[in-house]
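Numbering (my numbering), first residue to last: 3 to 153.
Virtual Cβ for every residue (Gly too), placed ideally from N, Cα, C.
Predicted model, so just to flag it, every value in this text is computed and none were measured.
Beneath this line is the structure, given in structure tokens, with notes to follow.
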């Protein structure tokens with residue numbers, strides 16, 4: 003299966019916005035009913051939003067509840083990395099009207115069960131996921147053999 007080239011990844015500056023200006027700010031950025039808006043939720047109940055080439059962050063009390071307000075006020079098509087975001091929202095009694103779960107879409111397009119964010123990102127760029135950097139246990143004894151000490 004060939005995947006279209008969607009361009010190179012670029013670093014997008016994140017604009018921090020107040021929750022009371024979120025609907026106005028997203029609307030000005032082009033969000034409307036059915037438009038795709040990326041959504042990420044942080045462990046600290048902050049949220050990240052992306053539309054087009056713009057990214058926004060909302061922190062503080064009520065940031066999670068803001069997602070429900072945005073859903074009712076704009077009704078975008080939310081784009082989530084996986085159902086983990088939806089699970090977090092449902093735990094806060096927030097239900098999205100429409101969304102795309104990228105991991106689920108990846109499983110439908112490419113088969114298999116496993117579909118983490120690395121696999122999704124690599125597949126959409128035609129790259130082998132095995133070449134992606136990995137986190138893991140550091141081995142204190144496997145440093146380089148160069149002598150950096152004064153001993």
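query: Alpha-carbon to alpha-carbon, residue 117 and residue 57; result: 24 Å
query: Classification of residue 87 by the beta-carbon crowding that lies within 10 angstroms, buried from 16 upward; result: buried
query: Rounded separation between residue 20 and residue 109 - CA only; result: 36 Å
query: Entirely enclosed beta strand (DSSP E) segments - the stretch 67-150, minimum 3 residues; result: 79-82, 101-103
query: Straight-line gap, residue 103 to residue 64 (C-alpha atoms, nearest Å); result: 24 Å
query: Close Cβ partners of residue 100 (< 6 Å) along its chain, the five nearest in sequence each way excluded; result: 79
query: Among 28, 38, 31, 55, nearest to residue 14 - alpha-carbon criterion; result: 55
query: Residue burial classification, residue 73 (beta-carbon count within 10 angstroms, cutoff 16); result: buried
query: Nearest candidate by alpha-carbon position, reference residue 53, set 121, 98, 24, 130; result: 24
query: Residues bridged to residue 61 [DSSP beta-bridge criterion]; result: DSSP lists no partner for residue 61.
query: Cα-Cα separation between residue 127 and residue 69, rounded to whole angstroms; result: 29 Å
query: Selected residue, minimal CA-CA separation from residue 107, among 83, 132, 17; result: 83
query: Between the CA atoms of residue 113 and residue 120 - distance to the nearest angstrom; result: 15 Å
query: Check whether residue 97 and residue 35 have beta carbons under 8 Å apart; result: no
query: Cutoff 7 Å; reference residue 124; Cβ partners in own chain excluding five residues on either side; result: 130, 131, 134
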